[in-house]
Each structure stands twice: as C-alpha cells, then as structure tokens.
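These notes concern the structure reproduced below.
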Amino acid sequence: MRKTMAFVLSFCALLGTGNGQEQIQISEGPNETVLSDPIEYVSLLSSSSIKISGTSTLHDWESNVEDFIIKATRNGEKISAQATVQVGSIKSGKYIMDKNTYKALKESEFPTISLLANNLNIKDNQAISGSGQLTVAGQTRTIPMSLSMTSWAEESITVCCDIPIKMTDFGIAPPVALLGTVKTGDEIVLKFDITLIED
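Per the working numbering, residue -7 is the first one in the sequence shown, and the count goes up by one each step.
Dropping the structure here:
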C-alpha cells in the first residue's frame, strides 16, 4: 500500500500584508488537518499609546494613559483581545483636571478600565471589526469596534482605532470646574495606537 506523504501548506497571515506566515500541517491519517497553535500577542508599551480626548466650555483637552496592557490572540480569521487601563495613570499635565477625572471615574472604587473583545473579524488583511465589552466605573456596555492595521512585521503588528463614548452611558457625570463655570462635554474619544509583539 502506497504510503501517503505528509505535506505542509503555507498561507499569508490574515493580520499582515503578506510577510507573516502561518502553517497548516496535513497529517498522514485520512482527512486529518491539524492547525498550528493560535498566536499570542502582548502590547509593547514603549511603542504604544492610549489617549482620551474631549471638549469643555473652555477648551478641548487630551489626557495620556501611562499604564496599560493589551493582550490578543489570533486564531485563523478571528482575533480576541483584552485591554486593561489603570485609571490612576491617566494624566493631562494638570493636577486639578486629573483629580476631577479620578473622581468622575470613581477611581478609588474601580481602579481599572477594561475592554474585552471576542471574535473580532479580519477583513482584507487590513481591517478588524466587531464589538467589545467596555467597563468604566463599574458599568459595562457593548460598543462597536473598527480597527485599522497600520504596519506589519514578522513578529509584530500595529493597530489603531478611535472609540467614541458618552460618559453618561456609563453613569458618569461629566466633570465640572471653577464652581461649575467650566463644564466637560459628555462625549469623549478613546484613541488607541498599539504595537503588539508575539508573546
């Protein structure tokens, strides 16, 4: 009886522009296909940023997140990701504004903001879309997500996205200052520019 030869098929990784590759191995047994393991990624803090921007009756504002971690898993045409932000690391460069931010986000009771996204879909090797569960100040809401891949290397990818939310959707009263004369707008934007490396 002729012995079936094992062979390996390679195809371009769905998260890249064609440089990365993932393997499928066909076993010697009939009709048996063994997929390679899912690829795990973790954020590279030195090459990543999360910013929070908004408006007020005085001027537009922006804060930087200094302490966060994002983990992601790619499995075929799907990606799952989890992001954790330390509320106390949100910095605007203005002490009073930061203090009001921590108070509004109930930082003493809920020290982290989290985003959990399962089964995001990859399209055309460039776009990632789906939905996620965003938890802010103890309140969880489902949000749409649309990410763009801006670069690809053999062991890393860079993605970016803007996520607009309303503070009141999470039970947060927009902060005020100067005896109520300065009011923050309800809508803010979470801006992600993240480099992920293989873990």
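Idealized CB from N, CA, C, for every residue including glycine.
What residue range is occupied by the uninterrupted alpha helix (DSSP H) comprising T93?
Y87 to A96
Go to V202, then tell me how far its beta strand (DSSP E) extends in each direction, as first and last residue.
Because the chain spans -7 through 191 in this model, residue 202 falls outside it and cannot be assessed.
Do you know whose CA, among N110, I189 and L170, lies nearest N92's CA?
L170
So, for E224: in the same chain, excluding its five sequence neighbours on each side, which residues have a beta-carbon less than 6 Å away from its beta-carbon?
Residue 224 lies beyond the range of the chain shown here (-7 to 191); nothing can be said about it.
Classify F102 as helix, strand or coil using the three-state DSSP reduction.
coil
Short of 6 Å in beta carbon distance, which residues of its chain neighbour S84, apart from the five on each side in sequence? Order them along the chain.
S55 and D90
When you compare the stretch 69 to 83 with the stretch 108 to 127, are there three or more beta-carbon pairs, one atom per stretch, that lie closer than 8 Å?
yes
Under the three-state reduction of DSSP, which class applies to L36: helix, strand or coil?
Three-state result, L36: coil.
Looking only at its own chain, which residues have a Cβ that is under 6 Å from the Cβ of L139, when we skip the five neighbours before and after it?
Closer than 6 Å at the Cβ level, and outside the excluded window around L139, lie I120, V151 and C153.
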